[in-house]
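*Asks:* Going by our numbering, the first residue of the sequence shown is number 272, and it counts up by one from there.
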Amino acid sequence: MSELMVSVSGVRGIVGEGLTPEVVTRFAQAFGAYVKKGKVVIGRDSRVSGEMFKNAVCSGLMAVGCDILDIGVCPTPTTQLAVETLEANGGLMITASHNPIMWNGLKLIGPDGLFLDAEQGQEVIKIAESKSFSFAAWDKIGVALKYSKAIEEHIQAILNLEYIDLAKIKDRGFKVVLDCVCGAGANMVPQLLDELGCEVVLLNCEPSGLFPRNPEPVPENLTELCEAVKKEAADIGIAVDPDSDRLALVSEKGEPLGEEKTLALAVKFILSKKSGSVVINASTSRVTEDIAEQYGSSVVRTKVGEIHVAKKMREIGAVIGGEGNGGVILPDIHLGRDAPVGIALILQQLAEFGGTISELNDTLPKYVITKDKVELQDLDPKAALEKIQQAYANEKLDFTDGVKIVRDKSWVHIRPSNTEPIIRVIAEAPTKEESEQLCAEVKKQAVN
Ligand code: MG
């Protein structure tokens with residue numbers, strides 16, 4: 272199983288190298304044994320390798336006696352929600368999220384619709400490695416059924432949210448340019464926007480899996496969307512990643528807001544409706560902390576990774592949470608990052624605000640975040656982190672996840688990626704110069 276990233280986020284690998292049908296089948300068998308048979312929901316993003324891996328997953332699950340509910344090409348949050356609503360024993364989402372086209376993987380979902388945590392994931396890995404699962408006899412093999420209503424039910428759940436005033440959103444008649452990067456969002460988001468009365472200009476909305484650009488919805492990958500927003504004189508540009516759990520926005524001026532602003536806006540909106548605590552990960556912008564302070568709400572930070580945030584939200588009964596990479600988690604629907612939910616909240620917020628998305632963005636506290644990385648190659652991540660810890664020993668350090676150096680109005684966070692062979696370096700400060708300098712300084716220490 273070399274060249275395979277096995278982590279709290281699931282399993283990811285390059286198709287035909289680390290990730291083969293054999294590996295995927297074995298993980299599906301192990302997962303089937305872990306959930307003790309019963310119903311398992313299967314969804315996938317639109318990747319070209321998705322159909323092949325779906326067949327491998329189905330074989331693996333059926334062979335150990337699981338019944339399958341195949342909900343087709345859909346967002347990750349749709350699969351999570353379907354596990355809950357269909358009362359399944361678990362779910363498997365076949366996706367490599369924002370990773371490039373040559374990748375694929377599995378996200379493992381428990382019966383509560385949450386991803387498996389590290390301990391639970393370890394158990395599946397152990398079963399997979401030791402092959403300690405038993406095969407069903409010919410008359411105990413699972414059955415595979417298709418379930419075609421998961422997307423429709425997800426959309427309905429969003430429209431039924433107490434915060435959504437359909438008439439008010441429709442009244443604004445937003446013109447939206449939508450970029451689904453030819454991912455799974457294309458099977459859901461256009462329909463959601465249609466229900467919200469938007470005039471939608473579709474960009475990369477064929478769910479072909481042939482991503483026309485780097486699929487991560489970060490500003491440098493959204494130039495086509497920015498141009499289209501300007502050309503179409505649209506009110507807003509919307510980008511989602513291939514499995515549609517991350518959401519990024521582009522202003523009516525054709526400028527990316529930066530994916531950190533997605534969660535900040537959603538938090539501001541929810542806290543204006545409901546008081547309660549907020550959970551974000553260690554790398555999320557402090558804009559959210561400032562907003563929470565304005566509303567007298569507390570913020571709890573967790574390790575990076577959806578499951579850490581989701582579990583903490585459940586534990587303390589948070590009203591909203593998420594990750595700064597564009598992942599909004601609204602517990603009213605389910606405890607998973609959900610781009611379609613984020614879209615509905617932000618359009619409702621914009622409708623109530625009355626002005627443009629730029630004006631709304633201007634109401635947020637100003638910080639600049641710089642995201643950089645160090646390629647690991649021969650570098651030992653542990654040694655690199657220790658070097659940084661020593662170099663900054665006199666400062667305020669936080670070890671929630673990797674090392675975070677916390678200053679008065681700025682911070683820099685260094686942690687090994689869960690999904691790629693890199694160390695992430697993220698800094699935030701009141702100005703671009705300061706935040707870039709912080710990143711550069713720490714990077715230098717890491718490779719020294
Ligand atoms: Mg994703």
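Don't be surprised by glycine CBs; every beta carbon is placed ideally from N, CA and C.
Please read all numbers here as calculations on a predicted model, not as lab measurements.
Is the Cβ-Cβ distance between isoleucine 412 and methionine 333 less than 7 Å?
*Replies:* A contact, by the Cβ cut-off of 7 Å.
*Asks:* Over the uninterrupted beta strand (DSSP E) stretch that includes glutamate 594, give me the two end residues.
*Replies:* Here the beta strand (DSSP E) through glutamate 594 covers 591 to 594.
*Asks:* How would you label phenylalanine 406, buried or exposed, when you count the other beta carbons within 10 angstroms and need 16 or more for buried?
*Replies:* Exposed, by the Cβ-count rule.
*Asks:* Helix, strand or coil, according to DSSP, for cysteine 585 in the structure here?
*Replies:* Per the sequence presented here, residue 585 reads as arginine, with cysteine not at that position. Helix.
*Asks:* Would you say histidine 369 touches ligand 2, meaning its beta carbon is less than 6 Å from a heavy atom?
*Replies:* Ligands present in the displayed structure are limited to ligand 1, and ligand 2 is not among them.
*Asks:* For glutamine 716, collect the residues of the same chain with a Cβ closer than 7 Å to its Cβ; drop the 5 residues on either side in sequence, then sort them by chain order.
*Replies:* Lys658, Ile659 and Ala662.
*Asks:* For cysteine 337, which three-state DSSP category applies?
*Replies:* In this structure, cysteine 337 counts as strand in the three-state DSSP scheme.
*Asks:* What does the Cβ neighbour count give for phenylalanine 218, buried or exposed, with the cut at 16 atoms within 10 Å?
*Replies:* Past the edges of the chain, shown from 272 to 719, lies residue 218, and the structure says nothing about it.
*Asks:* May I have the straight-line CA-CA distance separating glutamate 467 from alanine 408, to the nearest angstrom?
*Replies:* The residue you asked about is not glutamate; residue 467 is leucine in the sequence shown. C-alpha separation (whole angstroms): 49 Å.
*Asks:* Contact defined as beta carbons within less than 8 Å: I believe serine 568 pairs with leucine 542. What is the distance between those atoms, to the nearest angstrom?
*Replies:* About 6 Å; that satisfies the 8 Å criterion.
*Asks:* Whole angstroms is fine: what's the gap from leucine 496's alpha carbon to valine 471's?
*Replies:* Taking the straight line from one Cα to the other gives about 13 Å.
*Asks:* Assuming isoleucine 628 contacts glutamate 498 under a Cβ cut-off of 8 Å, what Cβ separation, rounded to an integer in Å, is found between them?
*Replies:* The Cβ separation is near 17 Å, so there is no contact.
*Asks:* Which residue's Cα is closest to the Cα of isoleucine 640: Lys675, Gly456, Glu531 and Asp512?
*Replies:* For the residues Lys675, Gly456, Glu531 and Asp512, the minimum Cα distance to isoleucine 640 belongs to Glu531.
*Asks:* How is the beta strand (DSSP E) around arginine 572 delimited, first residue to last?
*Replies:* Run containing arginine 572: 570 to 573, per the beta strand (DSSP E) assignment.
*Asks:* Would you report the Cα separation of isoleucine 396 and phenylalanine 298, rounded to the nearest angstrom?
*Replies:* So the two alpha carbons sit approximately 7 Å from each other.
*Asks:* Report the start-end ranges of each beta strand (DSSP E) in the region 306 to 377 that is 3 residues or longer and not cut off at the edges.
*Replies:* Here the runs fully enclosed are 309 to 315, 337 to 344 and 361 to 365.
*Asks:* DSSP state of leucine 416, grouped into three classes?
*Replies:* If DSSP states are grouped into helix, strand and coil, leucine 416 belongs with the strands.
*Asks:* Are the region 476 to 495 and the region 431 to 447 touching by the rule of at least three beta carbon pairs closer than 8 Å?
*Replies:* With a cut-off of 8 Å, the region 431 to 447 and the region 476 to 495 do not count as touching, because too few Cβ pairs lie within range.
*Asks:* Looking at arginine 315 and ligand 1, is the gap between the Cβ and the nearest heavy atom below 6 Å?
*Replies:* Outside the cutoff, so no.
*Asks:* Quick check on the burial criterion: 16 or more other C-beta atoms within 10 angstroms. Buried or exposed for arginine 678?
*Replies:* Looking at its Cβ environment, which holds fewer than 16 other Cβ atoms inside 10 Å, arginine 678 is exposed.
*Asks:* If you compare alpha carbons, which of Pro292, Lys680 and Val718 is closest to arginine 695?
*Replies:* Measuring from the Cα of arginine 695, the nearest candidate turns out to be Val718.
*Asks:* From lysine 714 to leucine 379, what does the alpha carbon distance come to, in whole angstroms?
*Replies:* Spanning the two alpha carbons is a distance of roughly 33 Å.
*Asks:* Between the C-alpha atoms of aspartate 514 and arginine 283, what's the straight-line distance to the nearest angstrom?
*Replies:* So the alpha carbons of these two residues sit roughly 14 Å apart.
*Asks:* Let me check you understand the geometry: is the CB of aspartate 436 closer than 6 Å to at least one non-hydrogen atom of ligand 1?
*Replies:* Outside the cutoff, so no.
*Asks:* Just the Cα atoms here: how many angstroms apart are tyrosine 305 and glutamate 526?
*Replies:* When rounded, the distance between both Cα atoms is 46 Å.
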